[in-house]
Amino acid sequence: MGETMISQVSIFVDNRPGSLWEVTQILGEEGINIRAVAAYDTPEFGILRMVVDQVASAKDVLTRRGFVVRITEVVGAELVDEKGSLGRMLEALAKGGVNVNYIYSFVIRGGKAPVMVFHTDDNEKACAILGEAKIRVVEAGEL
Amino acid sequence: MIWSKEETLPRGQMEQLQLGKLKESVRYIYDRVAPYRAKMDAAGVKPEDIRELSDLQKLPYTVKADFRDNYPMGMFAVAPGELVRFHASSGTTGKPTVVGYTRKDLDVWLDNVARIACMGGASKDDIAQISFGYGTFTGALGLHGGLERIGASVIPMSSGNSKKQMLFMQDIGTTLLVATPSYALHLGEEVREAGLDPEKDLKLRIGLFGGEGMTEPMRAEMQKIWGKGFFCTQNYGMSELCGPGVSGECEALTGMHVNEDWFIPEIIDPATGQVLPEGQSGELVITCLGKEALPLMRYRTGDLTKLDYAPCPCGRTTVRMANLFGRADDMLVIRGVNVFPTQIEEVLLGVPEIGPHYHITVERIEYLDMMTIAVELIDDRLLDSYGQLDELEKRIQKRMHDVLGLATKIKLVAPHSLQRFEGKAKRVTDLRKDGL
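Chains as they are written, first to last, in this note's numbering: chain A, -15 to 127; chain B, 2 to 437.
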């Protein structure tokens, strides 16, 4: 089941002007592409979560530049472009007793269907549930 | 009212009294306190070398670190059975500074506090609300005992719980408040917010403040908040010396009169240890006279002030020390509690998820001190959820509270974002201006 998971990069950032930009700049210099990004509104610091095309080098370069970086597995599920599609995903997970910790979506996918990124309390179970509900789980290699 | 005749002794008689007591105290400490005897031996001074007051300068200094090195009771001169009380204050690291009192020490202490209370205008008719935190802190029980001694009635209120403070002020008719000056301002603000006019609705007329310095802008603010009829003084002391009762302002407000028959003050250059001439500013050094449990010779207080021997309109002849200018070391006074950055450092070193660098910011918000400690997160495992970061902040806060006895705010920042220093680090930003 492991290979169906997507590796997400989490970065601790201070809440000050330019702190997110700094991260994107460093990744840009290394030629690393950001596929999905999420950060939440907190008063003093934030966890910037991203899906990138070169996970290991992203962690490596950011760590060298003094960031605290964490790689976590998340689930990517393809959205079908029709009403209630996201709702169906969430319904399936809810009924299966899986708690969604956070969710965000891809920013680029080159014409392909949009992908939602989930982090849950049980990612393997989430993949199984989504599969049963005929929701396509995206594999890391497809990104 | 002047409580003791010693407060008005002519200079010559005071010096005679001091010299007699000093000779006895030096002999006493040399015979009974091994760490200080070792210092005297190393300096080549014997008790019989003290023949006149100026011979005091031959004696070695005592410093805060002596308490840490001889923790908990190595500086004591009596067996535990002779003690009737312990108190404790902050140490420079995790261990507190423990002090003890014999029955005679307590008696002298409270008599000195009684003098301070009288200097500040208190009398037996006063109803005194003690809004210092009780516990091992000397401030609350010191003022408590001293005020009882002059016949005032005491409400052992402790700090915090403003609603109850106001209730007692209104219903019992408190006339005298004992607090840190910043808490007195905060409480006054709350009284006004509750719709009370202190001048009409309360009987409060006297403030006896300590635990932290009161600046003149704070005193002016005090009158704005508590009313024109409110008169407040500040007093000085520290637990190593006895607690409050070392010195206090009289009604003439010309500085804090030192109870010189029990405490000999000197001013030194904190960098060189040289004694400075009268009137110059430097670090206050105090020699305790006649103390039994914890005799102290030439204790370096770390507080910066100057001395004035000119006569005071109040009639007292005792020397006056100026309002403190600051500290010779990096000690902070937060809500009346002494805090050493080394204590904070020790707590942080015990938290593996953060790095060794930190920065302390102190501000005064609505007259109350708030300390924020910025620390660098280094453990990536906490990035799985905000809950883990939140738990880390709370855990550090709790440990700080256990060690400092104070609530602090912890701010997590990215690694390498705090300033690095070569040489002496500047880890504290104090934004309190004039104490307001």
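C-beta atoms are modelled at their ideal positions from N, C-alpha and C, and glycine is treated no differently.
Using a 10 angstroms sphere on the CB of residue 236/B, the tally of other CB atoms reaches 16 or more, which defines it as buried.
Residue 16/A sits in coil when the DSSP states are folded into three classes, being neither helix nor strand. Taking a cut-off of 8 Å for Cβ pairs, the region 102 to 114 of chain B and the region 180 to 189 of chain B do not touch, as fewer than three such pairs fall below it. Taking a contact to require three or more Cβ pairs closer than 8 Å, the region 54 to 68 of chain A and the region 8 to 15 of chain A do not qualify as touching. Assignment of residue 7/A by DSSP, reduced to helix, strand and coil, places it in the helix class. Looking at the DSSP output, residue 412/B bridges to 375/B. By the criterion of a C-beta distance shorter than 6 Å, residue 371/B is surrounded in its chain by 364, once the five residues flanking it on both sides are discounted. Taking the beta carbon of residue 381/B as reference, the chain A residues within 7 Å of it are 52, 53 and 54, listed in sequence order. DSSP assignment within the region 147 to 217 of chain B yields the following whole alpha helix (DSSP H) runs of 4 residues or more, N-terminal first: 163 to 173, 182 to 194 and 199 to 202.
For a Cβ distance threshold of 9 Å, residue set 415 of chain B lies close to residue -3/A, ordered along the chain. Residue 368/B counts as buried, since at least 16 other C-beta atoms from the protein chains shown sit within 10 angstroms of its C-beta. Residues of the region 81 to 92 of chain A with a C-beta atom less than 8 Å from some C-beta of chain B are 85, listed in chain order. Distance from the Cα of residue 330/B is smallest, within the candidate group 324/B, 348/B, 19/B and 305/B, for 305/B. Annotated three-state conformation of residue 81/B is helix, per DSSP.
Judged by their CB atoms, residue 77/B and residue 295/B are nearer to each other than the 8 Å cut-off.
In this structure, residue 14/A sits near residue 41/A, with a CB-CB distance shorter than 8 Å. Our two residues, residue 9/B and residue 252/B, have alpha carbons roughly 15 Å apart in a direct line.
Per the Cβ contact rule, the region 29 to 41 of chain B is in contact with the region 63 to 77 of chain B (3 or more Cβ pairs under 8 Å). Going by beta carbons, residue 31/A and residue 3/A fall outside the 8 Å limit. The residue from 89/B, 416/B and 301/B with its alpha-carbon nearest to that of residue 139/B is 89/B. Close CB contacts of residue 269/B within its chain, under the 7 Å cut and outside five residues either way in sequence, are with 275, 276, 277, 283, 284 and 286 (chain order).
Residue 53/B sits in coil when the DSSP states are folded into three classes, being neither helix nor strand. Annotation: residue 403/B to residue 108/B spans about 32 Å, alpha carbon to alpha carbon. In the structure shown, the three-state DSSP call for residue -8/A is strand.
In this chain, residue 97/A is not harboured by any beta strand (DSSP E), its DSSP state being neither H nor E. Residue 401/B is a Cβ neighbour of residue 345/B, given a cutoff of 8 Å. In this structure residue 361/B is buried. Its beta-carbon is surrounded by 16 or more other beta-carbon atoms within 10 angstroms. Nearest to residue 340/B by C-alpha distance, out of 431/B, 158/B and 100/B, is 431/B.
Among the residues facing chain B, residue 104/A is not included, as its CB has no counterpart in that chain under 8 Å away. The count of Cβ pairs closer than 8 Å, one atom from the region 311 to 326 of chain B and one from the region 94 to 108 of chain B, stays below three, leaving the stretches out of contact.
Classified as buried, residue 335/B has 16 or more neighbouring CB atoms from the shown chains inside 10 Å of its CB.
Within chain A, not a single residue places a beta-carbon under 9 Å from that of residue 349/B; the smallest gap is close to 17 Å.
Around residue 412/B, the beta-carbon contacts reaching into chain A at under 9 Å are 28 and 29.
Taking CB atoms only, residue 418/B has a neighbour in chain A less than 8 Å away.
Here the alpha carbon of residue 194/B sits roughly 11 Å from the alpha carbon of residue 167/B. In this structure, the straight-line span from the alpha carbon of residue 261/B to that of residue 254/B is close to 18 Å.
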